[in-house]
């Protein structure tokens, strides 16, 4: 299934999306479970269609929003694909998994405009298409072999970054207000193709900038989930962006950073399309 949160008739709701449209949950169910986070916590995500209205709402009548908001950890993995760097900025080889956290307000909804930084930050505003893992149940100190049992599904992120700030502070460079996005929905594992066959593609104004498949990751998703679970617990609804392949603007020679009116589209097999324009 594809689990989504959206606005319909100016009212927040959530449910299941398909090629026929969006099936919103009933009012009774929405009253009891306020959002997808509560549904996942209750272990009802795979039965969600049973609690939806029979008739779908056409896509043109809804506005997709972030699947989960304000209630989850947002974690990101860095340097998880082999990249071609200009010689003067090449980082050392990756020996361990690199992680950081993002603030909720650093990410906007699908289709919402990104906010270009004010001042010098605007000169190195960058995009990063990534596959997101959504945790499906409490996860603490698990083995790699157990990791997929704790994953609900996958989604997409444009992990927008300000490179000049990132050089002195990862937190600063990765948390500019409304600099990235995630969505458009969560595709549950049972609906995904063979996981190693999932491929990511990022375009800017229609030009392909990034393309890679999950099996090209340096650290696999089970390695990432297990590693983080030995640092602190992961809860249902927490998300992990798993790293961005070669082709982000700052890794090109010469660099190609974002500017006003650029359109960034992140897409992946079975995960839909995440599109945002720079304001």
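In the numbering used here, the protein residues as written are 1 to 279. Think of the CB as a built atom: it goes at the ideal place given N, C-alpha and C, for glycine as much as any other residue.
- The bridge partners DSSP lists for residue 161 are 126.
- By the C-beta density criterion, residue 11 is exposed, having fewer than 16 other C-beta atoms within 10 angstroms.
- Note on residue 230: under 16 other CB atoms within 10 angstroms of its CB, so exposed under the neighbour-count rule.
- For residue 229, the uninterrupted alpha helix (DSSP H) segment begins and ends at 221-229.
- If one requires a minimum length of 3 residues, the beta strand (DSSP E) runs lying completely within the segment 6-80 are 11-18, 21-24, 62-65 and 74-78, in chain order.
- Burial state of residue 130 is buried, judged by a 10 Å Cβ sphere holding 16 or more other Cβ atoms.
- Per DSSP, reduced to three states, the secondary structure at residue 236 is coil, with no helix or strand assignment.
- Residue 144 sits in a helix when the DSSP states are folded into three classes.
- According to DSSP, residue 210 shares a beta bridge with 202.
- Of 262, 8 and 133, the smallest CA-CA separation from residue 65 is found for 8.
- Between residue 135 and residue 3, the gap from beta carbon to beta carbon reaches 7 Å or more.
- The count of Cβ pairs closer than 8 Å, one atom from the segment 141-159 and one from the segment 211-227, reaches three, so the stretches are in contact.
- Cβ neighbours of residue 16 within its own chain (closer than 8 Å, five residues either side excluded): 1, 2, 3, 4, 22, 23, 48, 49 and 52.
- Beta-bridge analysis with DSSP links residue 188 to 153.
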